[in-house]
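Read the structure below first, then the notes.
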Amino acid sequence: MTSRLTPKTIFLLTLPPLLWAGNAIVGRLVHDMLPPVLLNFLRWAIAFFILLPLAGPVFRREAGLWQHWKTYAILGLLGIGMYNALQYMALQSSTPINVTLVASGMPVWMMLTGRLFFDVPVSRKQIAGAVLSIAGVLLVLARGEWRHVLELRLVAGDLFMILATIAWSLYSWLLLRAKEPAAVRANWASFLLAQVAFGTLWSGAFAVGEQALGAIAVQWGWALAAALVYVSTCPAIIAFGCWGAGVREAGPSVGAFFVNLTPLFTAVLSSAFLGEAPHGYHAAAFALIVGGIVVSASRR
């Protein structure tokens with residue numbers, strides 16, 4: 193692992209926030225069509241069957257996965273079973289921009305998680321980068337006027353997103369603890385399928401619990417079908433594959449700053465859906481967020 197950013201690493205860590213921004217918008221659009229935890233289960237069940245032909249051999253006994261099933265059960269719980277379910281739950285009562293804004297605390301949680309549980313020191317440059325990056329996100333929230341920050345009101349969905357962010361921080365650090373045979377991680381599809389298999393089981397169990405507590409009826413239709421196709425491919429398979437590869441190259445602390453691009457992308461996509469052109473403060477926010485990435489990733 194190195195903090196040096198190459199064009200390839202930048203691409204791997206920038207694409208997921210863009211796709212996750214779309215995931216937040218789609219999740220909000222369908223929030224009244226089906227329960228949030230069921231949405232998460234269907235998303236990953238579809239992703240599982242897409243990945244199976246590409247990486248099915250990972251389940252063979254000689255592949256070495258089953259000797260380390262506990263590791264993948266935890267990865268599946270944190271990154272797939274918990275993070276995404278909590279995000280969709282957050283979108284029941286909060287807006288996409290607000291949800292992704294709350295997730296902008298990722299660099300702070302990532303640094304705290306690394307320091308407390310993985311004995312990774314925090315540098316002054318990382319702190320400075322976090323300040324710059326979060327300032328960029330706040331600029332988006334303020335719509336170019338800082339007085340709007342004081343008008344922010346947190347709802348239950350924002351609290352769900354805080355829990356989701358903590359789960360994602362743990363997940364990202366655990367990605368680096370490779371104890372299983374290299375063959376499992378050599379192929380991105382195999383590595384992702386191993387996580388998705390366990391994550392789908394967790395998601396299914398949570399969905400059963402959701403139904404037992406009483407959930408809204410599913411409103412099947414072409415709009416919901418299209419949403420499921422998107423969330424199970426772009427922000428799931430593609431984004432997770434890129435994120436895993438990018439984190440292995442740059443490290444979780446640096447990768448966390450790229451997550452702060454998500455609120456910016458969300459604001460731009462929301463504006464596009466509403467027919468509004470991006471504003472100057474979007475460009476200023478982008479500069480601050482990128483500045484935070486550069487500062488945090490620079491050599492000491």
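Position 159 (the sequence shown) corresponds to 351 in the working numbering; numbering is contiguous. All C-beta atoms in this analysis are idealised placements derived from N, C-alpha and C, irrespective of residue type, glycine included.
| Asked | Found |
| --- | --- |
| Alpha carbon of threonine 194 to alpha carbon of tryptophan 365, nearest angstrom | Confidence in threonine 194 is poor, its pLDDT being 47 and thus under 50, which makes the residue's placement too unreliable to answer from. |
| Alpha helix (DSSP H) runs wholly inside the stretch 216-283, at least 4 long, in chain order | 228-247, 261-267 and 275-282 |
| Other residues of its chain near isoleucine 217: CB distance less than 8 Å, five sequence neighbours each side excluded | Pro288, Thr458, Leu461, Ser462 and Phe465 |
| Sub-8 Å separation of leucine 456 and isoleucine 430 beta-carbons | no |
| Contact set for leucine 226: own chain, Cβ-Cβ below 6 Å, skip 5 residues either direction | Val410 |
| Between the CA atoms of leucine 278 and arginine 492 - distance to the nearest angstrom | Below a pLDDT of 50, predicted positions are generally treated as unreliable, and arginine 492, at 49, falls in that range; the measurement from the model is reported next regardless. The straight-line gap from Cα to Cα measures roughly 36 Å. |
| Where the alpha helix (DSSP H) through glycine 406 begins and ends | Note, glycine 406: premise wrong, no alpha helix (DSSP H); not H, not E. |
| Cβ pair count under 8 Å reaching 3, the stretch 206-217 against the stretch 354-368 | no |
| Per-residue DSSP class, three states only, for glycine 349 | helix |
| Beta-carbon spacing of tryptophan 435, proline 208 below 8 Å | yes |
| Proximity to tryptophan 301 [Cα-Cα], best of Gly472, Phe449 and Phe478 | Phe449 |
| Contact check, phenylalanine 478 vs glycine 328, beta carbons under 8 Å | yes |
| Cβ neighbour criterion (16 or more within 10 Å) applied to leucine 406 | With the sequence shown as reference, residue 406 is identified as glycine, and leucine is not the correct amino acid for it. Label assigned to glycine 406: exposed. |
| Cβ-Cβ distance between valine 423 and arginine 235 below 8 Å | yes |
| Candidates Thr201, Leu231 and Leu244, of which the one nearest alanine 389 by Cα | Leu244 |
| Neighbour-count burial assignment, glutamate 441, 16 or more Cβ in a 10 Å radius | buried |
| Extent of the continuous alpha helix (DSSP H) to which serine 296 belongs | Premise fails: serine 296 is in no alpha helix (DSSP H) and is neither H nor E. |
| Extent of the continuous alpha helix (DSSP H) to which tryptophan 414 belongs | 414-425 |
| Unbroken alpha helix (DSSP H) run spanning alanine 431, endpoints | 431-442 |
| Option in Leu246, Val446, Val486 and Leu293 with minimal Cα separation from glycine 306 | Val446 |
| Glycine 271 to tyrosine 473 span [Cα, whole Å] | 32 Å |
| Beta-carbon proximity list for leucine 420, same chain, < 7 Å, skipping 5 on both sides | Leu234, Arg235 and Ile238 |
| Top-ranked residue by Cα proximity to leucine 384, from Thr263, Ala348, Leu330 and Trp414 | Thr263 |
| Contact belief for valine 451 with methionine 298 at Cβ below 8 Å, rounded distance in angstroms | 4 Å |
| Threonine 425 versus valine 312 - alpha carbon distance | 33 Å |
| Member of Leu197, Asp224, Thr201 and Thr206 whose CA lies at the smallest distance from the CA of leucine 416 | Asp224 |
| Leucine 197 - DSSP class collapsed to helix/strand/coil | coil |
| Nearest to glycine 349 (by Cα), restricted to the options Gly433, Ala282, Met274 and Arg252 | Ala282 |
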